[in-house]
Amino acid sequence: MPVKHYQVKRARRRRRIRGKIFGTGKRPRLSVFRSGKHIFVQLIDDEKGKTLVAISDLSFKEGIKSQKAQVAGEKLAEEALKLKIRRVVFDRGGYKYHGRVKAVAQGARKGGLEF
């Protein structure tokens, strides 16, 4: 099956974004992956190559996708604060800062993270 044009464009945007941002232990990268049905959010320390916290909306039952995304951002912030992480670098993963990606960012900010 041939690669879709939007996949190629997203891959280019993702490479361009990842060339500019880098997560450290003190300021990890907040990475967002958006599938058709779900959203997955991680805090990544790129120096060590380790995922510090990972949250998805698979466990949330009620709400529409954007509401689940905001709750995922809030839960991620809650877990990050337990690890004494307050500042992060936002990696939108090549997606537009719109809809569910924006909802994750708003939820993380509401939970206490600083971008």
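Read left to right, the sequence shown gives residues 73 to 187 (the working numbering). Each residue gets a CB set at the ideal place from its N, CA and C atoms; glycine is no exception.
At which residues does the alpha helix (DSSP H) containing residue i begin and terminate?
i: Leu130; result: Run containing Leu130: none; DSSP gives neither H nor E here.
i: Val161; result: Where Val161 is concerned, there is no enclosing alpha helix (DSSP H), although the beta strand (DSSP E) it sits in stretches over Val161 to Asp163.
i: Gly183; result: Arg172 to Gly183
i: Leu153; result: Lys137 to Lys154
Suppose you measure from the CA of residue i to the CA of residue j; what does that come to, to the nearest Å?
i: Gly108; j: Val173; result: 13 Å
i: Pro74; j: Arg87; result: 21 Å
i: Ser128; j: Ala144; result: 6 Å
i: Ile111; j: Lys156; result: 24 Å
i: Ser103; j: Gln142; result: 14 Å
In terms of residues, what are the limits of the beta strand (DSSP E) holding residue i?
i: Arg101; result: Arg101 to Arg106
May I ask you to report which of helix, strand or coil DSSP gives residue i?
i: Lys76; result: coil
i: Leu115; result: strand
i: Lys58; result: The structure shown does not extend to residue 58, since the chain spans only 73 to 187, so no value can be given for it.
Please confirm if the stretch 131-141 is in contact with the stretch 157-166, defined as three or more CB-CB distances below 8 Å between the two stretches. Judged by Cβ distances under 8 Å, the stretch 131-141 makes no contact with the stretch 157-166, as fewer than three pairs qualify.
* Asked: Taking contact to mean at least 3 C-beta pairs separated by less than 8 Å, is the stretch 116-123 in contact with the stretch 140-148?
  -> No, the stretch 116-123 is not in contact with the stretch 140-148.
Between the stretch 97-106 and the stretch 78-85, do at least 3 Cβ pairs fall closer than 8 Å?
-> No: fewer than three Cβ pairs fall under 8 Å.
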